[in-house]
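Note sheet for the following structure.
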Amino acid sequence: MAAWHKRKATGRRKEWVLVRNKITWTAVTILMIALCVCTLSACGQKEENSNPLPVPSLPIVSEKTEPEENNLHTDEEGLVQVSIENGSASISFDLARWDSLYGILQPSKAFSYQEGYMDPANLSEGPFPISGLTGMVKDAVIAQVEGLDWTGYPNFVTPAVILLMEDGSVEWLFADPYAAAVSAKMDTDYRPYTSYGRLPLIEKVHTLTYEAEAEGRGDFTVYAVTGDGLRYNLRLPCNMMTLFDDVWTCVLRSPMEQYAPPLYGYMTFYEDGNILFDVIEGSYYT
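Here my numbering is used: the first residue of the sequence shown is 1, the next is one more, and so on.
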């Protein structure tokens, strides 16, 4: 029988075995490190994902609504203020300012025909509601227009309040500081600050401006500007409204005036378009 004999490994073979064993352990070590890294990464990702995603918060709606800020307007001299709120308007007066500029609170400067019910002590700052409006107020301009003032006060031009309505029409009234004092002595149903009504022929107005007239002396007035760019000098239609308020009077000259009583002409305008003209001799029309 052939006998098997154990061969002794040569030196080169021993070196190869050692190198192979070293490579094997190195590979095993790298594999274990890779497994540990993967495991730690998975655990970390799991911990991160375990936290719930933040839910976006809903806006907090307050149950209390802030009140709408009043839309305040005043004139250049600071005499009158008009407040617009929810389509309504009210008027108030700065009596200290009136007194500083025109001495309205000084009895020595009070007009003789204001004694009693128009005494300066009876003046009030307000606010007073503007009544008689035909719609919702959108904007306002307060202006002293000399050619529009027929109140007759010698010390000042009474400011006019021009109101732009939501429908594009325009209304107005005087800001007479004595009106409330007068109403206090009259019927309780009398409202001192009442709109004179809509201006005739004015509609589709977008804005109001206070500026100098391009013609004449350059007096300041209020213009109404429409969406088409048309501009109306409101001094004219405001004065036009007075046609129906009273009887217009004039003295007619006559060649026989020195020997005969004078002739008086009286003209009355009616809203239906008719005009009545009377001539009366020697006495005023009553």
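Just so it is clear, CB atoms sit at the ideal spot from N, CA and C, and this is done for glycine as well. Every value quoted in this text rests on a predicted model; they were computed, and no experiment measured them.
Coil, strand or helix - residue i by DSSP
i: LEU72; result: strand
i: PRO129; result: strand
i: THR134; result: coil
i: ASP99; result: helix
i: ASN233; result: strand
i: LEU243; result: helix
Whole-Å CB distance - residue i paired with residue j, under 8 Å assumed
i: LEU173; j: THR194; result: 7 Å
i: GLY147; j: ARG235; result: 5 Å
i: PHE220; j: VAL145; result: 7 Å
i: PRO120; j: LEU105; result: 5 Å
i: TRP98; j: PRO177; result: 6 Å
i: GLU213; j: ASN233; result: 7 Å
i: ASP167; j: GLY135; result: 5 Å
i: ASN122; j: ALA181; result: 4 Å
Status (buried if at least 16 other CB within 10 Å, exposed otherwise) for residue i
i: ARG231; result: exposed
i: LEU276; result: exposed
i: CYS250; result: exposed
i: MET165; result: buried
i: PRO261; result: exposed
i: ARG217; result: exposed
i: THR242; result: exposed
i: TYR223; result: buried
i: LEU72; result: exposed
i: ASP246; result: exposed
i: ALA179; result: buried
i: VAL279; result: exposed
i: ASP75; result: buried
i: LEU199; result: buried
i: LEU163; result: buried
Residue-chain proximity (residue i, chain C), Cβ-Cβ < 9 Å
i: SER124; result: This model lacks chain C altogether; it includes just one protein chain.
Taking one C-beta from the stretch 75-89 and one from the stretch 139-147 each time, how about it: are there three or more such pairs within less than 8 Å? yes
Report yes or no: do three or more beta-carbon pairs, one from the stretch 158-165 and one from the stretch 92-108, lie closer than 8 Å? no
Evaluate the contact criterion for the stretch 119-128 versus the stretch 197-207: three or more CB pairs, one atom per stretch, below 8 Å. no
Only counting runs of 3 or more residues, tell me where the beta strand (DSSP E) segments fall wholly within the stretch 138-224, in order along the chain. 160-165, 170-174, 205-212
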